[in-house]
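Numbering (the numbering used here), first residue to last: 113 to 553.
Built from N, CA and C at the ideal position, the CB exists for glycine as well.
Comments concern the structure below.
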């Protein structure tokens, strides 16, 4: 029986043609590109808020490009994945073709296939994934700067492929997230209605039980106080100016910022000032600041409550996907989602909404959709189809109207008629809402 042919490295190299050398060079180039692509994924998506602040303050074109790319993170990620898979497929195809050629047959024996599979898997994993990702983790900002211009071009080139992929991804995500959670909540609410249908359960008890059932579905973004409603202190104020601001605000804890709300220096607890009330205007009150606690908009409220309990704190600053300040949330805000509104001597006398008659209400434009639906006793998902990224009543009206309305404008959506009562240049301040009775079929 003939022994199977064996191939030594010298035999393979001696038989290399120009086409073989070109194939090897292309494989090496694709491997380098694979490493750059894999490193980019880690570099861009591991940038910290302080890195993004540095980019905002910089005049370098690459830093501006980084912010532009991260402005559409899904599009960037889709392009990275498309390029990574395309390059890896190219490497596998070329390497297999090259081994077929060098083995002298188009029908390689099992040993050839096994060698190709093992070698390509090792090389791609080590040089195309591990090494570049380790490097990019330690040098994320410099790596992102190096790759920024290239990705700007590649996003345009890959858009015909990435756009439909993103559309399908968003569709699947919405279907999975919404149906997965709402089905459970609906079942719990139905069980709750059956369990509390007797007169033994008071309206207040029912409201608390509903709050507990829905608590796990709420995100920080739905409950937080928005950026425009934050009372915060400029770190440049002198001590007398600070005391005047505190007396007007009525809050026991205040965020302290430098230049803008995106640069939070810390939290000031008013009780920490009590031993220093006799100080003059030059007193360095900034030394009393406490370290702030930052949370993302997407964090679930039940998880945040655990953080508040473990860290023994009462306030968190909410940051958006770019590291900017999106809002503020307190322990009181979280607890109110279970037991209802808590009013103290510093809360505004007026309610968040006013009932005009059985079917007509007046709301502030900044009222969250969550609170709006709770006040009118309508389903929390009533506006999911049209709200987009909006979480306030004013924001959803802008989505419906597709433009900024004027005072007196009426906007219709399903059983709701929104009458704009007051606006300023950038915000809907007050809205009258009439709820029409839905006709039964």
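For residue 538, no beta strand (DSSP E) run applies, since DSSP gives it neither H nor E. Under the three-state reduction of DSSP output, residue 468 falls in the strand class. Counting C-beta pairs with one atom in each stretch, the region 239-252 and the region 151-163 have three or more that are closer than 8 Å, which means they touch. Around residue 446, the same chain offers 413, 417 as residues with beta carbons nearer than 6 Å, after the five sequence neighbours per side are excluded. Only residues of its own chain outside the window of five on either side were considered, and among them 532 have a CB closer than 6 Å to the CB of residue 517, listed in chain order.
The alpha helix (DSSP H) runs lying completely inside the region 402-437 and spanning 4 residues or more are 413-423, given in chain order. Approximately 11 Å separates the beta-carbon atoms of residue 484 and residue 509; this is outside 8 Å, ruling out the contact. Rounded to the nearest whole angstrom, the C-alpha separation of residue 142 and residue 177 is 25 Å. Going by beta carbons, residue 190 and residue 266 fall outside the 8 Å limit. The alpha-carbon of residue 340 is positioned some 32 Å away from that of residue 548. Between the region 144-151 and the region 191-200, the count of C-beta pairs closer than 8 Å reaches three or more; the two stretches touch.
Within the model, the alpha-carbon separation for residue 367 versus residue 205 is close to 57 Å. By the 16-neighbour rule on beta-carbons within 10 angstroms, residue 519 is exposed. Between the region 351-361 and the region 376-393 there are three or more inter-stretch CB-CB distances shorter than 8 Å, so the stretches are counted as touching. According to the DSSP assignment, residue 523 belongs to the beta strand (DSSP E) that extends over 522-525.
The closest CA to that of residue 506, considering only 493, 495, 542, is found on 542. For residue 388, there is no enclosing beta strand (DSSP E), since its DSSP letter is neither H nor E.
Taking all protein chains in view, the Cβ of residue 133 is surrounded by fewer than 16 other Cβ atoms within 10 Å, so the residue is classified as exposed.
The bridge partners DSSP lists for residue 504 are 480. In the DSSP assignment, residue 368 falls within the unbroken beta strand (DSSP E) covering 365-370.
Beta-carbon to beta-carbon, residue 523 and residue 540 are separated by about 10 Å, too far to satisfy the 8 Å threshold.
When the Cα atoms are used, residue 475 and residue 534 turn out to be separated by approximately 11 Å. Proximity to residue 435 across 500, 234, 482, 407 peaks at 407, based on C-alpha coordinates. One Cα belongs to residue 332, the other to residue 379, and the distance between them is close to 19 Å. For residue 338, DSSP records a beta bridge to 439. Excluding its 5 nearest sequence neighbours in each direction, residue 495 has C-beta neighbours in its own chain below 7 Å: 481, 508, listed in chain order. In this chain, the alpha helix (DSSP H) harbouring residue 162 covers 161-169. The straight-line gap separating the alpha-carbon atoms of residue 259 and residue 152 is approximately 7 Å. Short of 8 Å from the beta carbon of residue 165, and not among the five residues preceding or following it, lie these beta carbons of its own chain, in chain order: 374, 375, 435.
Ranked by how close their Cα comes to the Cα of residue 397, the residues 420, 404, 346, 228 have 346 in first place. Secondary-structure assignment with DSSP links residue 376 through a beta bridge to 369. With contacts defined as CB atoms closer than 8 Å, residue 263 and residue 182 fail to qualify as a contacting pair.
With a beta-carbon spacing of about 7 Å, residue 203 and residue 236 fall inside the 8 Å limit used to define contacts.
Per DSSP, reduced to three states, the secondary structure at residue 346 is strand.
Buried is the label assigned to residue 503, since at least 16 other Cβ atoms lie within 10 Å of its Cβ.
The residue among 401, 172, 228 with its C-alpha nearest the C-alpha of residue 207 is 228.
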